[in-house]
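Just so we're aligned: the sequence shown equals residues 37 to 412 in the working numbering.
Heads up, the thing below is written out as structure tokens.
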Amino acid sequence: MNSFYAVSNIGELYVPVECRDAVFARARVKLFAHQELRHLNRIFTHIRHGGVAVVEGQWEQITTVMDYIQRHKQDLIQQPDRNTKRRNRRDSHQRSASGALKEALARLMCWADADGILQVEPTPVLPYLLEFAGEPAEVNEGKPFLLPLIKIQQIQDALAETYPIRALDVSLVASENVLAPRSQETVECFQEALQHIRSHDLANKVADIGCGSGCLTLLARQELGEQTEIYASDLLPEAVATTKLNLQRLLPNSDTIRVMPAGDLFDLFASHQFDVIIFNAPWVIARVRNRAELAIHDEKQETVRRFFAQVSNFLKPEGTVLLGYADASGPKAIEHLEAIIAAAGFTEDARFKRRVATHRSKRKWEQIRVSVLRLG
């Protein structure tokens, strides 16, 4: 399927993956700009008939278009068959109306220029917008791009919430699909582990694998010093964007931290070796059902296995791995983890742990731990 689409009065735009079915299947994309935003029924009719409406102008008017669609969601579907039983008809009608509304809102889009500036007024401050939408940086090849209005609002809502971190004495943000740094205990365990290696080892070059919100990247900089060279990476573009945004907010002038493009584990580190590699591993043995679960779920512990199959290639001879984990999936998961670590040739030099309450009925407590691992 194509990734670019030409819209009259704008030109060629990049279409993110999640928008492509709507844009290319319908092939009826129309720009509604400024004064045209007042014609709510005209925009609604275009969307109801399967078209994509690209809107430009006052943000307040644009959100009014969304409100109008939501108020008229019943008009998006055909009336149910009169012969259907009344209760089933009502339930089916509600389900189909909700589905039709979701599809309709996905076809209400804004556009941003090549620099990621949304063409709305006032212009919201949303750096790294394409990455926050889950797309790799520069995938738009220097061209403008489309985003559904609902996606923009989801990004804004996620970034509006902040998470105080005691160990850093700051608050961080976390975008949609990014693991929010809610666990003070996990951060404190990593803090103690970093202080332990600071007193024993050189730590000139550090990697934070799966950086998420950038919390551990910031912690490494705080505990190991401003001169430490730190690399942060994550599989999700939205996590990369979140780390960059938190660094921009808190360390705008730092030149010793490099946030890598999105990539899996060590894919972007072919020529690098590190003194310290930080990995807060996914700790729930379960299938990943969505992007938000990638930081938590690890079916059959495959991510941990792949990490330990590769990590020694990127670790200096006297290097250290700081591994975060929890026993949420029970003792067998911990036994398997320890077997994976031993098979990779690592031994545990130190362990820092906390006992924390859970909200699960079958398991009231779980242990969070950070292990300091060395080869040999």
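For glycine and all other residues, C-beta sits at the position ideal for the given N, C-alpha and C.
With fewer than 16 other CB atoms across the displayed protein chains lying within 10 angstroms of its CB, Q263 is exposed. For R78, the uninterrupted alpha helix (DSSP H) run begins and ends at L76 to R84, by DSSP. Between the region 297-316 and the region 338-357, the count of Cβ pairs shorter than 8 Å is three or higher; the stretches touch. Closest option to R390, judged by alpha-carbon separation, among T222, I105 and Q227: T222. Contact between the region 50-62 and the region 174-192 is established, with three or more Cβ pairs separated by less than 8 Å. Sorting A256, I113 and A140 by C-alpha distance to the C-alpha of S132 places I113 at the top. Residue T253 holds the alpha-carbon nearest to the alpha-carbon of K241 among K368, A194 and T253. DSSP lists A268 and I314 as the beta-bridge partner residues of D244. Within the model, the alpha-carbon separation for V156 versus G381 is close to 55 Å. The distance from the Cβ of R107 to that of G87 is about 19 Å, inconsistent with a contact at the 8 Å cut-off. Excluding sequence positions up to five before and after S39, its CB lies within less than 7 Å of the CB of Y50 and V51, all in the same chain and listed in chain order.
Uninterrupted beta strand (DSSP E) stretches at least 3 residues long and entirely within the region 280-360 occur at 293-295 and 310-316, given in chain order. Going by DSSP, K109 is part of no beta strand (DSSP E) at all; its letter is neither H nor E.
Beta bridge pairing from DSSP links M145 with V90 and P184. For the 8 Å CB-CB criterion, E92 and A69 form a contact. Here the C-alpha atom of V59 lies approximately 22 Å from the C-alpha atom of H75. In this structure, the alpha-carbon of V340 lies about 14 Å from that of L409.
In this structure, N213 lies near E274, with their beta-carbon atoms less than 8 Å apart.
Of the other Cβ atoms in all chains shown, fewer than 16 fall within 10 Å of the Cβ of P200; this residue is therefore exposed. Per DSSP, A380 is not a residue of any alpha helix (DSSP H), being assigned neither H nor E. If you draw a straight line from the Cα of L154 to the Cα of Q71, it is about 18 Å long. Of the other Cβ atoms in all chains shown, 16 or more fall within 10 Å of the Cβ of A277; this residue is therefore buried. DSSP places T198 inside the beta strand (DSSP E), whose first and last residues are T198 to I201. For the options D244, W401 and N282, the alpha carbon positioned closest to that of Y267 is the one of D244. H236 is classed as exposed because its beta carbon has fewer than 16 other beta carbons within 10 Å across all chains shown. Here D270 has G246, C247 and V276 as same chain residues with Cβ atoms under 6 Å from its own Cβ, once five neighbours each way along the sequence are excluded.
Rounded to the nearest angstrom, the Cβ distance from I105 to L67 is 17 Å, too far for a contact under 8 Å. In the structure shown, R218 adopts coil according to DSSP, grouped into three states.
Burial check for W401: the Cβ neighbour count within 10 Å stays below 16, so the residue is exposed. When the alpha-carbon of Q346 is set against those of A306, G366 and D149, the nearest one is in A306. Checking the DSSP bridge columns, you'll see K66 partnered with A89. Judged by DSSP secondary structure, E402 falls within the beta strand (DSSP E) whose first and last residues are W401 to L411.
Non-local C-beta neighbours of D205 in its own chain, meaning closer than 7 Å and more than five positions away in sequence, are absent. Contact between R405 and C146 is absent: CB atoms are separated by about 45 Å, not below the 8 Å threshold.
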